[in-house]
Amino acid sequence: MKSPLRSRYDVVIVGGGPAGLAAALGARQAGVEHILIVDREIEAGGILNQCIHSGFGLHYFKEELTGPEYAERFIRNVQSDQVEILTDSYVLDISPALQLEIISGGYGHLQLQAQSVVLAMGCRERTRGSIRTPGFRPAGVMTAGLAQKMVNMHGVLPGRRIAILGSGDIGLIMARRLSLEGCDVTGVYELQPHCSGLTRNQVQCLDDFGIPLHLSATVAFIHGRDRVERLTIAPVNHELIPDLSRSWDVACDTLLLSIGLIPENELSTRLRLRMDPATGGPQVTSNLETSLPGVFACGNVLHVHDLVDFVSEESLRAGRFAGEVAIGMRRPSDNISLQAGENIASCVPQSLSPDREQIIYLRVKRPLKNCVLTIGDRYEKSFRMLVPAEMIRLTLAPELLDRYFGEMLKIDVRLREAT
Ligand SMILES: Cc1cc2nc3c(=O)[nH]c(=O)nc-3n(C[C@H](O)[C@H](O)[C@H](O)COP(=O)(O)OP(=O)(O)OC[C@H]3O[C@@H](n4cnc5c(N)ncnc54)[C@H](O)[C@@H]3O)c2cc1C
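If you read the sequence shown in my numbering, its first letter stands for residue 6, the second for the next number, and so on.
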């Protein structure tokens with residue numbers, strides 16, 4: 006017998022991945038009573054359920070876990086905290102007055118009222134359509150994450166001879182997984198002159214298995230009418246244009262795409278939240294609150310993370326702030342705007358408050374060696390190596406921000422290669 010749902014909740018969280026689960030724990034820490042997580046899948050855990058490899062939790066739990074193990078720890082805590090989890094249920098819409106419209110396998114059409122909402126919908130993979138690869142449209146072209154779900158959750162191989170376009174982490178992990186499953190992985194082809202996945206994944210998934218990584222190269226044509234038969238691979242010039250005069254063919258029956266992730270922000274755009282084109286997610290304050298008061302965002306829907314540990318840390322805070330707002334507690338508004346400067350691709354949050362310690366996440370535009378990161382005129386930190394694949398996490402003490410108080414000063418984040 007299903008327990009009846011309430012019509013009003015203090016905090017409703019959209020998405021039951023690691024972000025949504027941690028946000029629920031954060032909301033509970035704030036002291037709110039009624040918390041609901043809604044997820045469209047049949048069980049909570051998000052993308053972690055298909056990530057059966059180890060490498061999760063090194064920062065957060067100080068031990069190496071698989072994705073499902075990491076998710077299980079949070080699900081247990083959420084359950085023992087009496088948080089309600091509504092699975093097999095899709096959030097169709099959220100009104101500016103925070104009424105959620107949900108279509109649920111168990112309950113049918115639902116409308117619920119929330120005091121505050123946390124967006125934790127994660128992200129999805131870019132497909133062939135988004136890069137318009139020339140060629141035929143045979144079977145055997147799919148995203149690396151779909152192949153991961155097929156192999157790890159359904160025990161089905163996507164093919165036998167595999168090529169991978171893009172060196173994102175999912176592609177690297179699938180190169181290793183498919184080698185272990187007995188497939189022949191011909192190589193990984195990356196448009197940029199550098200690998201876009203984590204260095205540890207490049208070493209552990211490609212180098213350790215002897216899988217070649219071809220940088221500054223792309224798939225210029227897909228051959229095969231019913232099934233992929235071969236690919237034409239071409240090197241690209243500095244403008245990323247393929248040079249067909251130097252192309253070569255690779256025989257394979259499957260092409261996996263690992264060409265980037267897009268935050269799932271359909272609900273956010275329908276809510277007309279102010280978005281940040283650099284992250285693909287909503288703009289947020291240091292409380293992780295979006296431009297609509299009472300709506301918070303965290304995890305991959307806010308900006309793509311490479312480590313789940315940072316997702317959990319950020320989402321605990323988002324849930325706590327959402328909980329505080331639900332019980333009528335408001336922290337002072339931010340009065341310092343944070344702007345990505347030279348060599349910085351993105352920064353989150355987009356504004357800061359000097360009333361407490363601040364955590365900011367940054368990504369660089371290109372690999373940089375021996376560089377100095379500066380924030381305003383009072384913060385400097387040296388790095389030996391920075392790469393776009395690895396998010397930078399910084400904590401800023403209130404004393405550092407104090408002098409900017411009340412001035413609405415822009416903080417510029419810049420990177421300069423040391424001379
Ligand atoms: C293939 C892969 C490998 C990875 N490997 C590692 C690793 O080795 N180590 C590591 O630390 N990190 C790794 N990561 C990163 C980490 O797993 C992610 O950063 C993390 O899962 C993001 O959490 P999330 O909750 O934001 O998103 P997700 O895990 O994607 O969860 C989002 C949830 O929201 C639900 N949802 C979306 N829209 C709606 C809606 N409208 N209504 C209801 N539900 C909705 C989805 O069904 C999903 O369950 C990996 C990620 C991927 C994709």
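Yeah, the Cβ is synthetic: ideal placement off N, Cα and C, and Gly gets one too.
Is the closest heavy atom of ligand 1 to the C-beta of residue i under 7 Å?
i: T312; result: Strictly speaking, residue 312 in this sequence is Leu, with Thr absent from that position. Because some heavy atom of ligand 1 lies under 7 Å away, the Cβ of L312 counts as near it: yes.
i: M437; result: A query on residue 437 cannot be resolved here, the shown segment of the chain reaching from 6 to 424 and no further.
i: R45; result: yes
i: D174; result: yes
i: C200; result: no
i: G171; result: no
i: C210; result: no
i: H58; result: yes
i: F61; result: yes
i: P287; result: no
i: A24; result: yes
i: Y384; result: no
i: I18; result: no
i: G145; result: no
i: I80; result: no
i: Q428; result: This structure leaves residue 428 out entirely; the chain is present only between 6 and 424.
i: V88; result: no
i: G304; result: yes
i: L185; result: no
i: I178; result: yes
i: L261; result: no
May I ask which residues mark the beginning and end of the beta strand (DSSP E) holding residue i?
i: I397; result: I397 to L401
i: L183; result: No beta strand (DSSP E) holds L183; the alpha helix (DSSP H) holding it covers D174 to L185.
i: F315; result: No beta strand (DSSP E) contains F315, which is instead part of the alpha helix (DSSP H) from V313 to A331.
i: G134; result: Where G134 is concerned, there is no enclosing beta strand (DSSP E), although the alpha helix (DSSP H) it sits in stretches over R133 to I136.
i: M147; result: V146 to T148
i: D15; result: R13 to V19
i: D98; result: S94 to I99
What does the alpha-carbon distance come out to for the pair residue i and residue j?
i: E318; j: I341; result: 23 Å
i: L196; j: L10; result: 49 Å
i: A350; j: A327; result: 28 Å
i: L249; j: G113; result: 54 Å
i: M6; j: V83; result: Reliability fails at M6, whose pLDDT of 44 lies under 50, so the model's placement of it is uncertain and the value that follows must be treated cautiously. Rounded to the nearest angstrom, the two C-alpha atoms are 21 Å apart.
i: K154; j: Q344; result: 38 Å
i: L399; j: I364; result: 6 Å
i: G140; j: P198; result: 24 Å
i: P23; j: G50; result: 6 Å
i: L170; j: Y194; result: 5 Å
i: G173; j: L261; result: 11 Å
i: D44; j: N54; result: 13 Å
i: L297; j: S135; result: 30 Å
i: R166; j: I397; result: 36 Å
i: S356; j: A168; result: 42 Å
i: D15; j: H64; result: 30 Å
i: P354; j: R279; result: 13 Å
i: V37; j: T295; result: 20 Å
i: L405; j: L378; result: 15 Å
i: V123; j: I175; result: 26 Å
i: R361; j: M334; result: 16 Å
i: G20; j: I42; result: 7 Å
i: P73; j: L293; result: 27 Å
i: E77; j: T71; result: 10 Å
i: R94; j: G110; result: Reading the sequence as shown, one finds Ser at residue 94 and not Arg. Cα-Cα distance, rounded: 6 Å.
i: Y75; j: E186; result: 24 Å
i: F315; j: R181; result: 24 Å
i: D213; j: K67; result: 24 Å
Between which two residues does the alpha helix (DSSP H) harbouring residue i extend?
i: K386; result: No alpha helix (DSSP H) contains K386, which is instead part of the beta strand (DSSP E) from Y384 to L391.
i: D189; result: Premise fails: D189 lies in the beta strand (DSSP E), D189 to Y194, not in any alpha helix (DSSP H).
i: R33; result: P23 to Q34
i: L272; result: E271 to R275
i: N82; result: G72 to S85
Taking a contact to mean a Cβ-Cβ separation below 8 Å, would you say residue i touches residue j in this structure?
i: Q118; j: R277; result: no
i: A256; j: A239; result: no
i: L321; j: L30; result: yes
i: D258; j: S291; result: no
i: R129; j: L266; result: yes
i: G127; j: N270; result: no
i: R230; j: P143; result: yes
i: N206; j: L183; result: no
i: G324; j: A32; result: yes
i: L203; j: A394; result: yes
i: A331; j: Q87; result: no
i: G192; j: I216; result: yes
i: R232; j: G346; result: no
Report, in whole angstroms, the separation of the C-beta atoms of residue i and residue j, which I expect to be a contact under 8 Å.
i: A149; j: S263; result: 4 Å
i: L105; j: G299; result: Actually they are not in contact, since the Cβ atoms of L105 and G299 sit about 12 Å apart, beyond 8 Å.
i: A35; j: E329; result: 5 Å
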